[in-house]
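Asks:
Protein chains: 2
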Amino acid sequence: MPESGHQPDPTFSEAERDAVYRCIHSRRDVRGQFLPDSIDDAVLARILAAAHHAPSVGFMQPWDFIVVRSPEVKKNVHAAFAKAHAEAAQMFEGDRRDTYQNLKLEGILDSPVNICVTCDRSRTGPVVIGRTHLPEMDLFSAVCAVQNLWLAARAENVGVGWVSIVHRDELRDALGIPAHIHPVAYLCLGRVSHFFERPELESAGWLPRMKLAEVTWFDRWQNRQGDEPLLGEL
Amino acid sequence: MPESGHQPDPTFSEAERDAVYRCIHSRRDVRGQFLPDSIDDAVLARILAAAHHAPSVGFMQPWDFIVVRSPEVKKNVHAAFAKAHAEAAQMFEGDRRDTYQNLKLEGILDSPVNICVTCDRSRTGPVVIGRTHLPEMDLFSAVCAVQNLWLAARAENVGVGWVSIVHRDELRDALGIPAHIHPVAYLCLGRVSHFFERPELESAGWLPRMKLAEVTWFDRWQNRQGDEPLLGEL
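Top line first, the protein sequences correspond to chains A and B. Counting the first sequence from 1 gives a position; the working numbering is that position plus 5. Counting the second sequence from 1 gives a position; the working numbering is that position plus 5.
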């Protein structure tokens, strides 16, 4: 590091930029394509380090990472998922329910490694720079760690799936997480047989990809003159 | 796309992987290094497309992007920041307050483009796959979009700073955002004179970087035997 503390060679090349975009656009929420192959500890360590280098409000680094490989613990988490999944099915009607029940929505037991990312909202004390007016910011920091982890995994050719169909307290019970710690994400990681070209819910006709221009506004909410040059690039 | 819908050539090379890690590790929360240079629309479009390709719960894509370049609108957002910043300073005591007041915490007026990322929690209807048991999941999806945007910007050699010292309703007022839309992040974007090697709050001695091994556990909360090979890699 130079004495100034500046990054000595800050510029990204086009090839580097393109690799980052390739990662962002080819990342998938993996549910059904996991292989049983283990993930090397060196690879897992790089993925976790990427998560740990996420931005965090007031540099509080509120996250912990629980690396789950115990079949028994995974079985308990899977049971919590199965219960919530059955409850969720009742919320959809008709064809939608049939489609829902046929979707593969998790790979808890199929994937060799699960990781729970948590948020300790009391870390570094009650007053946190940048959280004084928006208390949710610490949770959002932990989500940034999740997205870093997901992208790092894709770059390591490792698939990740986020399991969110679960009661939070049952997830806490399965992992022994105390009440003051917020489980933010339960992730399944593993090598995969393939990555899909498109998100599975898009391919299944559940919902279409929105057009970016339809969700882009100028200066104020839902303000668009129509002649903004940016629209032509979207 | 092949008929199977699989990514035809899914493997990332080491060079691509390293570019992704470089991006993750050299991303900074930029406050005071913005240059007035404009950002090309083609660049901005790629950055927004990266945000739009974040994971979203039930593929609901709950985000909107308000691209703010109007000096008047920026001035109103800055006034909302200034008010909250003065309130926040009162929450710190003694030396800590002096340090806080000397920190540069936003670049709203210095940066050529601001972007507000919002979450429309009613998008696609009341029942969303994956949000049935954790209602926060839509907000978390929008945060994933923020982190994608941030990393894409870094790969484009564009700095990003997240402004969170603001009352949510005052931010809504400044941008005309209705009550049912949740502003998730207000971001400042621009070319920069330099990127710092380390987070500014770390360099300023506000808080140290935690050791990754201190926040990594095995199978259950705070469980660590000490002989896990992964610990040697962290």
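Backbone N, C-alpha and C fix where the C-beta goes; we use that ideal spot for every residue, glycine too. It should be emphasised that the depicted structure is a prediction, and the values quoted were computed from it without experimental measurement.
1. Under the DSSP definition of a beta bridge, which residues are partnered with Y191/A?
2. How close, in whole Å, do the beta carbons of E21/B and A160/A come, if the pair is a contact with beta carbons under 8 Å?
3. How about N119/A and L192/A: do their beta carbons lie closer than 8 Å?
4. Using the C-alpha atoms, what's the distance from T104/B back to R203/B?
5. Just how far apart, CA to CA, sit F223/A and F145/A?
6. Less than 8 Å between C-beta atoms, sequence neighbours within five positions excluded: which residues of the same chain meet that for L236/A?
7. Do G195/A and R136/A count as a contact pair if the criterion is CB distance below 8 Å?
8. Hey, could you find the ends of the beta strand (DSSP E) I71/B is sitting in?
9. Identify whether I186/A lies in helix, strand or coil by the three-state DSSP scheme.
10. Rounded to a whole number of angstroms, what is the C-alpha to C-alpha distance between R262/A and V165/A?
11. For the stretch 61–87 of chain B, enumerate the residues whose C-beta is nearer than 8 Å to any C-beta of chain A, in chain order.
12. Look at A47/A and V25/B and say whether their C-beta atoms are less than 8 Å apart.
13. Which of the three DSSP states is assigned to T129/A in this structure?
14. Would you list the one or two residues that DSSP bridges to V197/A?
15. Along the chain, where does the beta strand (DSSP E) that runs through W222/B open and close?
16. Would you say I113/A lies against chain B (beta-carbon separation less than 8 Å)?
17. Short of 8 Å Cβ to Cβ, which residues in the stretch 131–150 of chain A face chain B?
18. Can a CB atom of chain A be found closer than 8 Å to the CB of R196/B?
19. Please determine, among F97/B, D100/B, S127/B and H83/B, the residue with the shortest C-alpha to C-alpha distance to G112/B.
20. When the distance is taken between beta carbons, is V189/A closer than 8 Å to R225/B?
21. Heavy atom of the ligand SAM less than 7 Å from the Cβ of P213/A, yes or no?
22. Does the separation of the CB atoms of M171/A and C121/A fall below 8 Å?
23. Cβ of H185/A within 8 Å of Cβ of F201/B?
24. Can you tell me whether H57/A is helix, strand or coil according to DSSP?
25. Excluding the 5 residues preceding and the 5 following L206/B in the sequence, name in chain order all residues of the same chain whose CB lies nearer than 7 Å to its CB.
26. Between S198/B and Q38/B, which are expected to be in contact by the criterion C-beta below 8 Å, what is the C-beta distance as a whole number of angstroms?
27. Do we get a CB-CB distance below 8 Å when we pair A158/A with the residues of chain B?
28. Tell me, please, whether the CB atom of E238/B is closer than 8 Å to any CB atom in chain A?
29. Helix, strand or coil for D232/A, going by three-state DSSP, please let me know.
30. Across which residues does DSSP place H11/B in a beta bridge pair?
31. Once you ignore the five residues that flank A59/B on each side, which residues in its own chain have a CB closer than 7 Å to its CB?
32. So, at 6 Å on beta carbons, what are the nonlocal neighbours of L108/A in its own chain, with the 5 sequence-adjacent residues on each side left out?
33. State the Cα-Cα distance for the pair I182/A and S9/A, rounded to the nearest angstrom.
34. From what residue to what residue does the alpha helix (DSSP H) around F145/A run?
35. Mind listing which residues of the stretch 15–37 of chain A have their C-beta closer than 9 Å to chain B's C-betas, in chain order?
Replies: Per the coordinate set shown:
1. To locate residue 191/A, count along the first sequence from 1; it is residue 186. BP columns for Y191/A point to C121/A and V168/A.
2. Numbered from 1 along the second sequence, position 16 holds the residue referred to as residue 21/B. Numbered from 1 along the first sequence, position 155 holds the residue referred to as residue 160/A. Right, their Cβ atoms sit about 7 Å apart.
3. Indexing the first sequence from 1 puts residue 119/A at position 114. Indexing the first sequence from 1 puts residue 192/A at position 187. At the C-beta level, N119/A and L192/A come within 8 Å of one another.
4. The count along the second sequence starts at 1 and reaches residue 203/B at position 198. The count along the second sequence starts at 1 and reaches residue 104/B at position 99. The alpha-carbon atoms of R203/B and T104/B are separated by roughly 18 Å.
5. Reading the first sequence from its first residue, position 218 is the one you call residue 223/A. Reading the first sequence from its first residue, position 140 is the one you call residue 145/A. It is roughly 25 Å from the alpha-carbon of F223/A to the alpha-carbon of F145/A.
6. Translated into the one-based positions of the first sequence, residue 236/A becomes position 231. Within the same chain, Cβ atoms closer than 8 Å to the Cβ of L236/A are found at A218, T221 and R229, the five residues on either side in sequence being excluded.
7. The residue labelled residue 136/A in the question sits at position 131 within the first sequence. The residue labelled residue 195/A in the question sits at position 190 within the first sequence. In this structure, G195/A does not lie closer than 8 Å to R136/A by Cβ.
8. Taking the first residue of the second sequence as 1, we reach residue 71/B at position 66. DSSP places I71/B in the uninterrupted beta strand (DSSP E) bounded by W68 to V73.
9. Working through the first sequence from its first residue, we reach residue 186/A at position 181. In the three-state reduction of the DSSP assignment, I186/A falls in the strand class.
10. Since the displayed chain A opens at 6 and closes at 239, residue 262/A lies outside it and no answer follows.
11. Going along the stretch 61–87 of chain B in chain order, one finds V62, G63, F64, M65, Q66, W68, D69, F70, I71, V72, V73, R74, S75 and V78 with a Cβ nearer than 8 Å to chain A.
12. Position 42 of the first sequence, counting from 1, holds the residue named residue 47/A. Position 20 of the second sequence, counting from 1, holds the residue named residue 25/B. The answer is no: Cβ separation not under 8 Å.
13. To locate residue 129/A, count along the first sequence from 1; it is residue 124. Three-state DSSP puts T129/A in coil, outside helix and strand.
14. Taking the first sequence and counting its residues from 1, one reaches residue 197/A at position 192. Answer by DSSP bridge pairing, in chain order: F39/A.
15. Taking the first residue of the second sequence as position 1, residue 222/B is located at position 217. Note, W222/B: beta strand (DSSP E), T221 to F223.
16. Numbered from 1 along the first sequence, position 108 holds the residue referred to as residue 113/A. Using a Cβ-Cβ cut-off of 8 Å, I113/A does not count as an interface residue toward chain B, since no Cβ of chain B sits closer than that to its own.
17. Residues are counted here when their Cβ sits less than 8 Å from a Cβ of chain B; for the stretch 131–150 of chain A these are V132, I134, G135, R136, T137, H138, L139, E141, M142, L144, F145, V148 and C149, given in chain order.
18. In the second sequence, residue 196/B corresponds to position 191, counting from 1. Chain A contact via Cβ: absent.
19. The count along the second sequence starts at 1 and reaches residue 112/B at position 107. Nearest of F97/B, D100/B, S127/B and H83/B to G112/B, Cα basis: H83/B.
20. On the second sequence, position 220 is the one that residue 225/B refers to. On the first sequence, position 184 is the one that residue 189/A refers to. Cβ atoms of R225/B and V189/A: not closer than 8 Å.
21. Ligands in the displayed structure: none, and consequently the ligand SAM is not present.
22. Residue numbering aside, residue 171/A sits at position 166 when the first sequence is read from its first letter. Residue numbering aside, residue 121/A sits at position 116 when the first sequence is read from its first letter. Inspection of the sequence shows that residue 171/A is occupied by Val rather than by Met. No; because the gap between Cβ atoms is not below 8 Å, this pair is not in contact.
23. Stepping through the first sequence from its first residue, residue 185/A is reached at position 180. Stepping through the second sequence from its first residue, residue 201/B is reached at position 196. No, Cβ-Cβ distance for H185/A and F201/B is not below 8 Å.
24. For the purposes of this step, residue 57/A is identified with residue 52 of the first sequence, where counting begins at 1. Shown here, H57/A sits in a helix according to DSSP, grouped into three states.
25. Sequence index remark: in the second sequence, residue 206/B carries index 201 (1-based). Apart from sequence neighbours up to five positions away, the residues of its chain that approach L206/B with a beta-carbon distance below 7 Å are L212, ordered along the chain.
26. For the purposes of this step, residue 198/B is identified with residue 193 of the second sequence, where counting begins at 1. For the purposes of this step, residue 38/B is identified with residue 33 of the second sequence, where counting begins at 1. The C-beta distance from S198/B to Q38/B rounds to 5 Å, short enough to meet the 8 Å contact threshold.
27. For the purposes of this step, residue 158/A is identified with residue 153 of the first sequence, where counting begins at 1. Chain B contact via Cβ: absent.
28. Translated into the one-based positions of the second sequence, residue 238/B becomes position 233. E238/B counts as touching chain A.
29. Here residue 232/A corresponds to residue number 227 of the first sequence, with the count starting at 1. Here D232/A sits in coil by DSSP.
30. Here residue 11/B corresponds to residue number 6 of the second sequence, with the count starting at 1. H11/B pairs with F201/A.
31. Working through the second sequence from its first residue, we reach residue 59/B at position 54. S146, C149, A150 and N153.
32. Within the first sequence, the letter at position 103 stands for residue 108/A. Counting only Cβ-Cβ distances below 6 Å, and skipping sequence neighbours, we find nothing.
33. Taking the first sequence and counting its residues from 1, one reaches residue 182/A at position 177. Taking the first sequence and counting its residues from 1, one reaches residue 9/A at position 4. Answer to the nearest angstrom: the Cα atoms are 42 Å apart.
34. As a working note, residue 145/A is residue 140 in the first sequence. Run containing F145/A: M142 to A160, per the alpha helix (DSSP H) assignment.
35. Listed in chain order, the positions of the stretch 15–37 of chain A with a beta carbon within less than 9 Å of a beta carbon of chain B are P15, T16, F17, S18, A20, E21, R22, D23, A24, V25, Y26, R27, C28, I29, H30, S31, R32, R33 and D34.
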